[in-house]
Amino acid sequence: MHPFSELVYHGAHLTLRSLSETQTSVHAELEHSGATRLVKALQMIELQRAILAVGIFSMFEAYLQGALECENGFAEARTCLRKAGEDSLLERFNDVYLAINALKHGRGKSYDQLVAKASALPFWVKPNPDKFFHEGDVSEVAALIRVDDEFVMLCCNVIHDVSESIRRHTDRFF
7 MHPFSELVYH GAHLTLRSLS ETQTSVHAEL EHSGATRLVK ALQMIELQRA ILAVGIFSMF
67 EAYLQGALEC ENGFAEARTC LRKAGEDSLL ERFNDVYLAI NALKHGRGKS YDQLVAKASA
127 LPFWVKPNPD KFFHEGDVSE VAALIRVDDE FVMLCCNVIH DVSESIRRHT DRFF
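Going by our numbering, the sequence shown opens with residue 7, and the numbers climb by one from there.
Structure, rendered in structure tokens:
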């Protein structure tokens, strides 16, 4: 099998391109109609981006567990990053991990940690769970993290960088 991080990257690009094409088509239709089905289509696209991000990061955990022969792939990855002195990458990894947790579980410790450092993050965290990111955006879905193409690619890049670091610093990976 090709490297997981490479497959994730290309798969995410393919999916995001398809979603973007669909979104463009729906926006064109919205110029002439305000049909509910079009609003639902935009919301589905936003939800699909969140599902993509959660899915690829969750699959990464399973892949780590198998490749590193451990019970907790993320904990083992953190250990590898610490030992390698990859503090900046470890922080990026933890930020994405917390964001994915907030997407999966909603309010809780992960979300609270992200809110506390929201201004330093490369993605948007909803400061008030009861508000919208953009008031009047009919495509917005109920999520505490704004999942746009950049967030999905951030997940892919973190997966790639963590994979490369582990590959460089251990003989047990890939």
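Even for Gly, the Cβ is constructed at its ideal location relative to N, Cα and C.
Where M50 is concerned, the enclosing alpha helix (DSSP H) starts and stops at T42 to A73.
For N100, the enclosing alpha helix (DSSP H) covers residues D93 to H111.
Contact annotation: F157 and A59 have beta-carbon atoms nearer than 9 Å. With fewer than 16 neighbouring CB atoms inside 10 Å of its own CB, N78 falls in the exposed class. Nearest neighbour of H111 by Cα position, chosen from K89, A149, V45 and V153, turns out to be A149. Here DSSP, grouped into helix, strand and coil, assigns V131 to strand. Nearest neighbour of A18 by Cα position, chosen from L44, P128 and D155, turns out to be D155. Of L22, R55 and V168, the smallest CA-CA separation from L109 is found for R55. If you look at A122, you'll find it in the alpha helix (DSSP H) that goes K115 to A122. Linking P9 to L87 through their CA atoms gives a straight-line distance of about 19 Å.
By the Cβ rule, the segment 119 to 127 does not count as touching the segment 65 to 84, because fewer than three pairs are nearer than 8 Å. Your pair L22 and V32 does not check out as a contact, with CB atoms roughly 15 Å apart and the cut at 8 Å. Around the CB of A83, 16 or more other CB atoms lie within 10 Å, so the residue is classed as buried.
By the neighbour-count definition (other C-beta atoms within 10 Å, threshold 16), D93 is an exposed residue. Excluding sequence positions up to five before and after L104, its CB lies within less than 7 Å of the CB of S116, Q119 and L120, all in the same chain and listed in chain order. When DSSP reads this structure, I151 sits in a beta bridge with V131. C-alpha of I51 to C-alpha of F129: approximately 18 Å in a straight line.
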